[in-house]
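Chain order of the listed sequences is A and B.
For the first sequence, numbering that gives the first Met the number 0 assigns the number 0 to the initial residue and increments by one for each residue that follows.
For the second sequence, numbering that gives the first Met the number 0 assigns the number 0 to the initial residue and increments by one for each residue that follows.
2 protein chains.
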Amino acid sequence: MTVTGLLGEIADVGRDPRRGGYSRHGFSAVESALREWFAEAAARRDLDLHTDRNGNIWAWWGRPGPDAVITGSHLDSVPGGGAFDGPLGVASALAAVDVLRASGFQPARPLALVVFTEEEGGRFGVPCLGSRLMSGSLDADAARRLTDPDGITLAEAAASAGLDPAGLGSDEAALAGIGCFVELHVEQGRLMDRLPGTPSVAVASSILAHGRWRFTVTGTGNHAGTTEVADRRDPMLPAAAAVLAARRALGSRESARATVGRLLPTPGGTNVIASVVDFWLDARAPDGPETRAVVAEVEAAAREAAAEEGCELSVREESYGGAVHFDSALRDRLAAELGGPGGAVPVLPTGAGHDAGILAARVPTAMLFVRNPTGISHAPAEHAEPADCTAGADALARVLESLCR
Amino acid sequence: MTVTGLLGEIADVGRDPRRGGYSRHGFSAVESALREWFAEAAARRDLDLHTDRNGNIWAWWGRPGPDAVITGSHLDSVPGGGAFDGPLGVASALAAVDVLRASGFQPARPLALVVFTEEEGGRFGVPCLGSRLMSGSLDADAARRLTDPDGITLAEAAASAGLDPAGLGSDEAALAGIGCFVELHVEQGRLMDRLPGTPSVAVASSILAHGRWRFTVTGTGNHAGTTEVADRRDPMLPAAAAVLAARRALGSRESARATVGRLLPTPGGTNVIASVVDFWLDARAPDGPETRAVVAEVEAAAREAAAEEGCELSVREESYGGAVHFDSALRDRLAAELGGPGGAVPVLPTGAGHDAGILAARVPTAMLFVRNPTGISHAPAEHAEPADCTAGADALARVLESLCR
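1) Output needed for residue 308 of chain B: all residues of its chain with C-beta closer than 8 Å, excluding positions within five of it in sequence on either side, in chain order.
2) How many angstroms separate the CA atom of residue 338 of chain B from the CA atom of residue 178 of chain B?
3) Would you mind stating whether residue 280 of chain A and residue 68 of chain A have Cβ atoms separated by less than 8 Å?
4) Pull up the distance between the alpha-carbon of residue 36 of chain B and that of residue 86 of chain B, whole angstroms please.
5) Work out the CA separation of residue 5 of chain A and residue 118 of chain A for me, nearest whole Å.
6) Which same chain residues end up closer than 7 Å to residue 397 of chain A when comparing Cβ atoms and leaving out the 5 residues on each side of it in sequence?
7) Tell me the DSSP secondary structure of residue 320 of chain B in three-state form.
8) Do you know how far the Cα of residue 301 of chain A is from the Cα of residue 113 of chain A?
9) Beta-carbon of residue 191 of chain B versus every beta-carbon of chain A: anything under 8 Å?
10) So which residues of chain B does residue 287 of chain A contact, with C-beta pairs closer than 9 Å?
11) Which residues, taken in chain order from the stretch 217-231 of chain B, show a beta carbon closer than 9 Å to some beta carbon of chain A?
12) Closer than 8 Å is the cut-off here; do at least three beta carbon pairs connect the stretch 170-190 of chain A with the stretch 274-293 of chain A?
13) Output the residue ranges of the alpha helix (DSSP H) runs that lie fully inside the stretch 226-277 of chain A and measure 4 residues or longer, sorted by chain position.
14) What's the gap between the Cα of residue 227 of chain B and the Cα of residue 122 of chain A?
15) List the residues of chain A that residue 249 of chain B touches, going by C-beta distances under 7 Å, in chain order.
16) Counting only Cβ pairs nearer than 7 Å, list the residues of chain B close to residue 60 of chain A.
17) Note down the Cα distance separating residue 111 of chain A from residue 105 of chain A, rounded to an integer number of angstroms.
18) Per DSSP, what kind of secondary structure is residue 348 of chain A in: helix, strand or coil?
19) Compare the beta carbon distance of residue 224 of chain B and residue 43 of chain A with 8 Å and say whether it is the shorter of the two.
20) In terms of residues, what are the limits of the beta strand (DSSP E) holding residue 304 of chain A?
21) Mind pulling the chain B residues with CB within less than 7 Å of residue 279 of chain A?
22) What does residue 1 of chain A reach in chain B if we use C-beta pairs closer than 7 Å?
23) Given a cut-off of 8 Å, decide if residue 23 of chain B and residue 198 of chain B are closer than it, judged by their beta-carbon atoms.
24) Three-state secondary structure (DSSP) at residue 4 of chain B?
25) For chain A, check one thing: does any of its Cβ atoms lie closer than 8 Å to the Cβ of residue 274 of chain B?
26) Tell me, please, whether the CB atom of residue 25 of chain A is closer than 8 Å to any CB atom in chain B?
27) Who are residue 114 of chain A's beta bridge partners in DSSP?
28) On the three-state DSSP scale, how would you describe residue 179 of chain B?
29) Measuring alpha carbon to alpha carbon, tell me which of B/359, B/54, B/306 ends up nearest residue 321 of chain B.
30) Tell whether a beta-carbon distance below 8 Å holds between residue 2 of chain A and residue 374 of chain A.
31) Going straight from the alpha carbon of residue 135 of chain A to that of residue 170 of chain A, what length do you get?
32) Looking at C-alpha atoms only, which residue of B/394, B/399, B/334, B/25 is the closest neighbour of residue 159 of chain B?
33) With a threshold of 8 Å between beta-carbons, can residue 262 of chain A be considered close to chain B, or not?
34) Alpha carbon to alpha carbon, what distance is there between residue 79 of chain A and residue 19 of chain A?
35) Which residues in chain A have a C-beta closer than 9 Å to the C-beta of residue 151 of chain B? List them in chain order.
36) Between which two residues does the alpha helix (DSSP H) holding residue 88 of chain B run?
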């Protein structure tokens, strides 16, 4: 089946009527529907399904075993996200199996498809939840206590989705069985589209260092009509100063990123000076020190504005991961396999985080990118051309064939 | 019964566990419980209940009739509001009836207590909904189409609360019967508390002109990690510029107010550049031109920042009311009645909007204020001392006795 056909099967699952696009969050009814779709797709291909203690789903071609070749991605989305970020990697893995089956190929190494839990952190705030838990880079107790915007803990959400929260956490046995991991993903920038010949497929070199910091500015809730300027302690002002500082911090740093996409005034009434404003800074750069320098610059601006307004500021790191440089041997092998006689396949960095970036710390890991003609991602307009998707699945099939030979 | 005792009866209704304080919005289950409480309190006092076509509740002492004296306020709140804004005026009206009954007084004019619908505009965005609809200053068709944050229309909400939405709108018969309206309210600033002798009760002179403007900044939703500065069209930046401009606009305008207390990025993901940011400017000043000058200054700053970022800006007036100067004869009569031989009662302006400000355009209207020791309002910490509340209810009883003689 084609990748586009596979994505079409879930085109109506989890649409977000307010934001547009999809809102598919971890341990939700929508995510259950997507998992069920994957289970049925795996069953139609005679793959054996196994859900691990962190809710990651594995579909084995033949008997599970050591030194396995693993491919896959995630099915969850950001709020109001696109159709490709995540599902493209899962659908391409299924399509690659179809390609290999049609050619009569029989893998000589164990091979499995994987779907990771809550990669976007759209519900519980920590991205790559399933791969972080499995690899032990996120403490299980801390994870169980994470809350969603409605105050539901991750432990409660997992339990209500049928997953025992006591089982969450480091899964060394699963990790020990992985020989290598290859994740295919839609590119989330325009590097490929700007290259001569607009290649359909590229190999990843590295991922920016990346973290999320929660800023909480506390002022004094009060009446918007009666409170004189001298009596105002309005937390919205330091928050606004920080938003502008985040952009200024990028001025001299070409490869850094700083974004405030989530900002929540409490109580949030039109005629009410907010008592508290929470906002989240997403910061990334080629290395840790530069990432932290961006955060420090935003924090300094927020702190100065908070002091001026008589507000309190607290800043909490919600997640952080250093820069990832993918396994060079695996990267070169993929590039050579896909480059063919005609020329080289591009090898490109990305600013986007992935489960592959988490696993790269523990096992040889690589990524394939499929061209994104506009570069837009994390938005309803995210797109990849069907021909590029097919080329991506074919490339993944070639890579898997090579690795499993 | 004391005012404090009456407020105690509803102390647990509509508490907001997330924001603190109360969230009591129009046509909600919480508001129904408050209406039921008022109906029972009125029944215990042999007052005859009548709900009008706009959902305002009237409790008549004796037979309804022309040239009636009306007192009351509202029971709804802002999100996370205090216990006094609104309910103090309703509870004081009930307590004043008890005071007058205990003294054996029999009103010579028709007298009624009133509870107005959705004064804060906390759910449908338009403040003083019940009094605006009744007085015809809000078009009924426009009102029926108003939506709450969940997309529920006012017409649907009214119907589900048992009120025929077809009946909403101008109610000239009800207005024609009102001889005068007196609303008691907690002060929402610190003018009284800063006066020598910290008086318990004051009479209102005027209300600032006041409006709400919805700003919508549209950019391009995109990935927070991969989108380079040159490709960013982030609507959060013009929104932040506008928040800071709102404060700057107050610099030279001592009596003006400008507040952004509500700001909503869409989709609102941490790792997503927002596609749209909506925010609301609450602006007030002693007259219309100064209010509009404040709005124009904020809009100009937002427009400049939007152009710089490649975003679109639209601005929509959601409500506007000119300055209110309360009926001078009624104001002087109340001040003389309450001043007593010992001295004058203070006569003070306010920046807060009230149903009394809407009705003032149609019938002789006055307000009494009860001291607020911190000035805090529209927040959980809003407070009035029990002794001041009792003094307020006694003052209201004296005023009603004088007016109904």
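Ideal Cβ placement from N, Cα and C applies to all residues, glycine included.
The answer reads as follows:
1) 218, 231, 232, 233, 234, 236, 237
2) 23 Å
3) no
4) 11 Å
5) 20 Å
6) 336, 337
7) strand
8) 41 Å
9) no
10) In chain order: nothing, as chain B lies at least about 15 Å away.
11) 219, 220, 221, 222, 223, 224, 225, 226, 227, 228, 230, 231
12) no
13) 235-247
14) 26 Å
15) 228
16) Residues of chain B passing the Cβ test: none, with the nearest at roughly 32 Å.
17) 13 Å
18) strand
19) no
20) Run containing residue 304 of chain A: none in the beta strand (DSSP E); it sits in the alpha helix (DSSP H), 287-308.
21) 269
22) Going along chain B, no residue has its Cβ under 7 Å from residue 1 of chain A, so there is no contact; the nearest lies around 25 Å.
23) no
24) helix
25) yes
26) no
27) A/56, A/72
28) strand
29) B/359
30) no
31) 7 Å
32) B/25
33) yes
34) 6 Å
35) Those do not exist, as residue 151 of chain B stays about 13 Å from chain A at its closest Cβ, beyond 9 Å.
36) 86-101
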